[in-house]
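Report on one structure; see the data block that follows.
Number of protein chains: 2
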Amino acid sequence: MAATDPIRLTDDDARALALRLIRDARFGALGVLDPASGAPVVTRIAVGTTPDGQPLTLVSALAAHTTALRADPRCSLLLGEPGDRGDPLTHPRITLACRAMFTDRASPDHARLRTHYLASHPKAQLYIDFSDFSFATLRIEAAALNGGFGKAFRLTTGDLGL
Amino acid sequence: MAATDPIRLTDDDARALALRLIRDARFGALGVLDPASGAPVVTRIAVGTTPDGQPLTLVSALAAHTTALRADPRCSLLLGEPGDRGDPLTHPRITLACRAMFTDRASPDHARLRTHYLASHPKAQLYIDFSDFSFATLRIEAAALNGGFGKAFRLTTGDLGL
Chain A
0 MAATDPIRLT DDDARALALR LIRDARFGAL GVLDPASGAP VVTRIAVGTT PDGQPLTLVS
60 ALAAHTTALR ADPRCSLLLG EPGDRGDPLT HPRITLACRA MFTDRASPDH ARLRTHYLAS
120 HPKAQLYIDF SDFSFATLRI EAAALNGGFG KAFRLTTGDL GL
Chain B
0 MAATDPIRLT DDDARALALR LIRDARFGAL GVLDPASGAP VVTRIAVGTT PDGQPLTLVS
60 ALAAHTTALR ADPRCSLLLG EPGDRGDPLT HPRITLACRA MFTDRASPDH ARLRTHYLAS
120 HPKAQLYIDF SDFSFATLRI EAAALNGGFG KAFRLTTGDL GL
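Protein chains in written order, with numbering that gives the first Met the number 0: chain A, 0 to 161; chain B, 0 to 161.
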């Protein structure tokens, strides 16, 4: 094992890449804790942003990850999908340590998030008004950016302007 | 909230789709537990299979997910990447509940896994013999298949022939 620290000093390029990955995400891999066992569970979720740039998702009460987030709001969100281009392990991605905050469907905040979300996810129109769907803001607490092999950074909410 | 159970009865089509997603995966999203906090952490990893069809990954001791798996082997693996085609939320994917088992680099098993892995991941030749890299088999304990909106199944190891 090499004795080197694999984490580089955060610079403006790293901050800009992190913000772009969060802003451009349309979906991601969400990690939650299984309420019964405490084991991690990863599922695919749709991802947008709140007007102030926090990750936002629209989840069904029927989904196991929703039950899990209501029991323990600590979660992890992996963004930065490689698509069909190039090597997935050199494609930039970011792991966000988040805390989920649900928005009541009857609140003014829900209407505001609904408008913002539909602009990036127009297909959500099909189910956004189903009574079992609600918004969860995945408020970022810290981030680990991987800009490709050997290019790792740790970012704070300050680095992300949040 | 609808009172319906969203899980369908597992059938042969579901079993075949699950096996295909596991066999064809070249990378995936791994969820582990942070050793300090117990919070979930999701990262992208390269994924192949063992000769008998269990998910296999090659990880560096420098990576946080390796430290985490050595502290608690319970993990979750999301496979089934949408690439650039279609809606990521209707694209089939599977969440595997796994237990990580590391293989000692000096063992005959390592040599066997090395040959098998390089057949699917030829670029790994560049680092597979670095002393900080080792194989972890992510032995499947249960699976949740999502074949698209409203098509959810729970699978056992028996369904997967494992």
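Quick reminder that beta carbons are idealized off the backbone N, C-alpha and C, glycines included.
Note that the structure is a prediction, hence the values are computed from the model and not measured.
Asked	Found
Local conformation of R104 of chain B per DSSP, three classes	coil
First and last residue of the uninterrupted alpha helix (DSSP H) at R69 of chain A	63 to 70
With 16 other Cβ atoms within 10 Å as the buried cut-off, status of G30 of chain B	buried
Residues that DSSP places opposite L29 of chain A in a beta bridge	A:T42, A:L76
Counterpart residues of R153 of chain A in DSSP-defined beta bridges	A:A143
Chain A contact for V41 of chain B (CB, 7 Å cutoff)	yes
Validate contact between the segment 87 to 94 of chain B and the segment 53 to 63 of chain B using beta carbons, cut 8 Å, 3 pairs	no
Contact under 7 Å by Cβ, S75 of chain A with P81 of chain B	no
Interface flag, D83 of chain A vs chain B, CB-CB below 7 Å	yes
Residues of its chain near R25 of chain A, where Cβ-Cβ distance is below 6 Å and the 5 sequence neighbours each way are ignored	none
Chain-ordered neighbours of A96 of chain B on chain A, where CB pairs are closer than 8 Å	A38, V40
Residues from the segment 133 to 147 of chain B in contact with chain A, defined by Cβ distance under 8 Å	A143, N145
Option in A:R69, A:A142, A:T156 with minimal Cα separation from A133 of chain A	In the sequence under discussion, the amino acid at residue 133 of chain A is Ser, which differs from the Ala named in the question. Ranking A:R69, A:A142, A:T156 by Cα distance to S133 of chain A puts A:R69 first.
8 Å Cβ shell around H120 of chain B - same chain, five flanking residues per side excluded	R25, A45, G47, L57
Chain A residues whose Cβ lies nearer than 8 Å to that of S75 of chain B	G30, A38, P39, V40, V41
Neighbourhood of P5 of chain A by C-beta distance below 6 Å, restricted to the same chain and skipping five residues each side	A151
Contact check, A28 of chain A vs L154 of chain A, beta carbons under 7 Å	no
CB of P72 of chain A within 7 Å of CB of A99 of chain A, strictly	yes
Simplified DSSP state of R7 of chain A, which is helix, strand or coil	coil
Contacting residues, own chain, Cβ-Cβ under 7 Å from L77 of chain B (five flanking each side not counted)	G27, A28, R92, T94
Within-7 Å CB hit, L8 of chain B to chain A	no
Residues near T42 of chain A in its chain [Cβ-Cβ closer than 7 Å; skip 5 each side]	L29, H64
Distance, T156 of chain A Cα to D12 of chain B Cα	45 Å
Cα-Cα separation, D103 of chain A to T66 of chain B	38 Å
Local Cβ density within 10 Å of R138 of chain A, reported as buried at 16 or more and exposed below that	buried
CB contact check: L88 of chain B to chain A, cutoff 7 Å	yes
Proximity of R14 of chain A and D158 of chain A at Cβ, strictly below 7 Å	yes
F148 of chain A versus D128 of chain A - alpha carbon distance	42 Å
Under 7 Å from the C-beta of P50 of chain B: neighbouring residues of chain A	Going along chain A, no residue has its Cβ under 7 Å from P50 of chain B, so there is no contact; the nearest lies around 23 Å.
Cutoff 7 Å: F26 of chain A Cβ touching any chain B Cβ	yes
DSSP beta-bridge partners of R98 of chain B	B:R73, B:R138
Short Cβ contact (7 Å threshold) for P50 of chain B with H115 of chain B	yes
Interface residues of chain A facing A13 of chain B [CB-CB closer than 7 Å]	Here the premise fails: no neighbours, minimum Cβ distance about 17 Å.
Contacts of R92 of chain B in chain A (Cβ-Cβ under 7 Å)	R43
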